[in-house]
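Q: Residue numbers (our numbering): 18 to 616.
Where is the CB? At the ideal position from N, CA and C, for every residue including glycine.
This structure is a prediction, so every number in the text was calculated from the model and none was measured.
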């Protein structure tokens, strides 16, 4: 039955696509619809490549977790036996896929237990794809170390052992009576001290990567993904990076990072379409390039960059639609924009339900473009409503269902529609009730996000010499702190002054993506504001446009100063956005601007 259901959906998708392609072929092109000239394309390439190179600074290791001792039978154990027992300062071990519970232990030459400390074994969640540290609580020589699976699944793929003087130890062997893949376990012995095994941002999963990177791995190994509380497209995009670069930090981070690069490009294109001024487009792109949240979250295996990119593309084509409709273009001519907007909306929705926040905006734009600005006969109105329903209801629904195909096949569902329906009920329950009573030290209220009141720390490390490494999710104050005044001024220009429909478009876009969070009762975090950020930047760019249009030297220099402040703040905070090691005193003295900041 599942195969027939999939074929039905694919056939329906093709039929709808061919129907609109047929309509598009009959329509005449829209005059003066070109946005970019040759110089614009060079600017887009230059800005995007520059951002991409910056984003690769202190980014991720290429070392993969693909080859690992992977077992699923309780009682299976890996034994590290030292040929010459000696005092050890630490044993580092790299875990691959872990789901369940395991214990670590050590003995001396007399087979007496040696107390050990292993924070990873007691994290409260499985230490997926990361370096872990086992320390010994006395000075006895260590004869062997055992890692034993209690329940679930356990994968290990490298060891690095340090003696009391922190020199690398290689005089040991690794054995197991359970070796399902017949691996040479001694290959897991590090012959040189691995990079980033202690300060492990570049080598291990952090933050929500424990869900998304792990779920991508599960897709590739025919396991049902743990991250089912969101639609699956974002995870499937992460899978692409892993297929190319392996199950490595670079592999699971590269696709979100490329999405953040495309966001820079798309910001330029959108700003150029809005303001027809290359200077404003460059300014908007620079604001996006040096936006803190954009940089930090775009370098992790997160679904946020995907949904934000697709939303920005959706709004871009909706703007192109309303602009063309206002200039007198026919419905057939603007179908190309509506079709692209519908596809973008569908892709955003298949990443995260927050894309639904744009639905009221879509309705408002379509009512304005088709009912208020046009005088339609009843027959034409019915045909228009039919086409719009196909585009923004039926098409997104079909694409949404199709993106669940890998999830359905892995779970061996008998009925595609009933299985997806049950899954959606679970997602709905999670969003309504799953985190209602949850607490978190970095939780924050929706109104506080533009104020950077509670940044979210996603990674922290510090050594005994005072060096530290941290990564925080917060907004660039030169952008986020202008949120309220920008939105109010856009609303004033549109509603009171009735000066410019572009101000109204940006005002509604910001409100559509932001205000629904005021109705969310469950725990929430500052990174939810990320999907609002591109529209806030375009809103700020509107006033940069007014400054340039005034032709006053002072206004132009104020824009330059503002952009310079934006870049300077990015450089100042770069260590806490990228995880670069700096003295802890630098972070405490220079970067903790507000009470409650802790990263």
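Of the residues 75, 35 and 54, which one's Cα is nearest the Cα of residue 597?
A: Residue 597 sits at position 580 when you count from the first residue of the chain shown. That would be 75, whose Cα lies nearest to the Cα of residue 597.
Q: Considering residue 270, what are the terminal residues of the alpha helix (DSSP H) in which it resides?
A: The residue you call residue 270 lines up with position 253 of the chain shown. From DSSP, the alpha helix (DSSP H) with residue 270 extends over 266–292.
Q: If contacts are defined as beta-carbon pairs under 8 Å, then residue 288 and residue 558 qualify, I think. What distance do you get, rounded to the angstrom?
A: Numbered from 1 along the chain shown, position 271 holds the residue referred to as residue 288. Numbered from 1 along the chain shown, position 541 holds the residue referred to as residue 558. That pair is a contact at about 5 Å.
Q: When you compare the CB positions of residue 102 and residue 125, do they come within less than 8 Å of one another, or not?
A: As a working mapping, residue 102 is identified with position 85 in the chain shown. As a working mapping, residue 125 is identified with position 108 in the chain shown. It is a contact, given that the beta carbons lie within the stated cut-off.
Q: How many whole angstroms separate the CB atoms of residue 145 and residue 176, which I take to be in contact at a CB cut-off of 8 Å?
A: Residue 145 sits at position 128 when you count from the first residue of the chain shown. Residue 176 sits at position 159 when you count from the first residue of the chain shown. Rounded, the Cβ-Cβ distance is 18 Å, inconsistent with contact.
Q: Is residue 168 helix, strand or coil when you go by DSSP?
A: Residue 168 sits at position 151 when you count from the first residue of the chain shown. Three-state DSSP puts residue 168 in a strand.
Q: By a C-beta neighbour count over all protein chains shown, 10 Å radius and 16 as the cutoff for buried, is residue 538 buried or exposed?
A: For the purposes of this step, residue 538 is taken as residue 521 along the chain shown, with counting starting at 1. Around the CB of residue 538, fewer than 16 other CB atoms lie within 10 Å, so the residue is classed as exposed.
Q: So for residue 609, helix, strand or coil by DSSP?
A: Position 592 of the chain shown, counting from 1, holds the residue named residue 609. Here residue 609 sits in coil by DSSP.
Q: What would DSSP say about residue 503, mapped onto helix, strand or coil?
A: Looking up residue 503 in the chain shown gives position 486. Helix at residue 503.
Q: Are the stretch 18–34 and the stretch 429–446 touching by the rule of at least three beta carbon pairs closer than 8 Å?
A: yes
Q: CB-CB under 7 Å to residue 422, same chain, minus the five flanking residues each way: which ones, in chain order?
A: Sequence index remark: in the chain shown, residue 422 carries index 405 (1-based). If we look at residue 422 and ignore the five residues flanking it on each side, its Cβ neighbours are 23.
Q: Cutting at 6 Å between CB atoms, please list the residues of its own chain near residue 322, excluding the five before and the five after it.
A: Start at 1 with the first residue of the chain shown, and residue 322 comes out as number 305. Hits under 6 Å: 273, 276, 277 and 315.
Q: Check for me: the beta strand (DSSP E) holding residue 190 runs from which residue to which?
A: For the purposes of this step, residue 190 is taken as residue 173 along the chain shown, with counting starting at 1. Looking at the DSSP string, the run of the beta strand (DSSP E) that includes residue 190 is 189–192.
Q: Residue 6 and residue 595: beta carbons closer than 8 Å?
A: Absent from the model: residue 6. The displayed extent of the chain is 18 to 616, so no value can be given.
Q: Which residues share a DSSP beta bridge with residue 177?
A: Looking up residue 177 in the chain shown gives position 160. Paired residues: 109.
Q: Among residues of its own chain, excluding the 5 on either side of residue 138, which ones have a beta-carbon nearer than 7 Å to its beta-carbon?
A: For the purposes of this step, residue 138 is identified with residue 121 of the chain shown, where counting begins at 1. Only 119, 120 and 121 meet the Cβ criterion.
Q: Determine the extent of the alpha helix (DSSP H) in which residue 20 is found, giving its start and end residues.
A: Counting from one through the chain shown, the residue named residue 20 turns up at place 3. Per DSSP, residue 20 is one residue of the alpha helix (DSSP H) stretching across 19–43.
Q: Let me check understanding here. Comparing Cα to Cα, which of 266, 491 and 81 lies closest to residue 590?
A: As a working note, residue 590 is residue 573 in the chain shown. Of the candidates 266, 491 and 81, the one whose C-alpha sits nearest the C-alpha of residue 590 is 491.
Q: Looking at residue 307 and residue 599, is the spacing between their C-beta atoms short of 8 Å?
A: Locating residue 599 in the chain shown gives position 582, where the first residue counts as 1. Locating residue 307 in the chain shown gives position 290, where the first residue counts as 1. Cβ atoms of residue 599 and residue 307: not closer than 8 Å.
Q: Just the C-alpha distance for residue 554 and residue 449, rounded to the nearest angstrom, thanks.
A: The residue you call residue 554 lines up with position 537 of the chain shown. The residue you call residue 449 lines up with position 432 of the chain shown. In a straight line, the C-alpha of residue 554 is about 30 Å away from that of residue 449.
Q: Relative to the C-alpha of residue 586, which residue among 317, 309 and 410 is closest?
A: Reading the chain shown from its first residue, position 569 is the one you call residue 586. Closest option to residue 586, Cα to Cα, is 309.
Q: Among 413, 92 and 208, which residue has its Cα nearest to the Cα of residue 34?
A: Within the chain shown, numbered from 1, the residue matching residue 34 stands at position 17. Across the set 413, 92 and 208, the C-alpha of 413 shows the shortest separation from the C-alpha of residue 34.
Q: Quick check: is the beta carbon of residue 299 nearer than 8 Å to any beta carbon in chain D?
A: Structure shown: chain D not included; a single protein chain is present.
Q: Grouping DSSP H, G and I as helix and E and B as strand, with all else coil, what is residue 75?
A: The residue labelled residue 75 in the question sits at position 58 within the chain shown. For residue 75, the secondary structure class from DSSP, reduced to helix, strand or coil, is coil.
Q: Report the rounded CA-to-CA distance for residue 410 versus residue 152, giving the unit in angstroms.
A: If you number the chain shown from 1, residue 410 lands on position 393. If you number the chain shown from 1, residue 152 lands on position 135. The straight-line gap from Cα to Cα measures roughly 57 Å.
Q: Of all the options 197, 300, 569 and 191, which has the alpha carbon lying nearest to the alpha carbon of residue 204?
A: Within the chain shown, numbered from 1, the residue matching residue 204 stands at position 187. For the residues 197, 300, 569 and 191, the minimum Cα distance to residue 204 belongs to 191.
Q: In whole angstroms, what separates the C-alpha of residue 245 from that of residue 444?
A: Counting from one through the chain shown, the residue named residue 245 turns up at place 228. Counting from one through the chain shown, the residue named residue 444 turns up at place 427. Using only the alpha carbons, I get a separation of about 8 Å.
Q: What are the start and end residues of each continuous alpha helix (DSSP H) run of 4 or more residues lying completely inside the stretch 177–241, in chain order?
A: 226–237
Q: Mind the definition here: the stretch 181–189 touches the stretch 42–52 only if three or more C-beta pairs lie below 8 Å; say whether that holds.
A: no
Q: Does DSSP put residue 551 in a helix, a strand or coil?
A: Taking the first residue of the chain shown as position 1, residue 551 is located at position 534. Three-state result, residue 551: helix.
Q: Pull up the distance between the alpha-carbon of residue 458 and that of residue 472, whole angstroms please.
A: Within the chain shown, numbered from 1, the residue matching residue 458 stands at position 441. Within the chain shown, numbered from 1, the residue matching residue 472 stands at position 455. Between residue 458 and residue 472, the C-alpha separation is close to 10 Å.
Q: What is the DSSP secondary structure of residue 100, counted as helix, strand or coil?
A: In the chain shown, residue 100 corresponds to position 83, counting from 1. Correct three-state label for residue 100: strand.
Q: Among all the DSSP beta bridges, which residues are the ones paired with residue 120?
A: As a working note, residue 120 is residue 103 in the chain shown. 165, per the DSSP bridge assignment.
Q: Could you spell out the range, first to last residue, of the alpha helix (DSSP H) harbouring residue 446?
A: One-based indexing of the chain shown puts residue 446 at position 429. Per DSSP, residue 446 belongs to the alpha helix (DSSP H) from 433–446.
Q: Can you tell which of 271, 440, 560 and 405 has the C-alpha that lies nearest to the C-alpha of residue 510?
A: Residue numbering aside, residue 510 sits at position 493 when the chain shown is read from its first letter. The residue with the shortest Cα to Cα distance from residue 510 is 560.
Q: Give the secondary structure of residue 46 by DSSP, where H, G and I count as helix, E and B as strand, and everything else as coil.
A: Position 29 of the chain shown, counted from the first residue, corresponds to residue 46. Coil.
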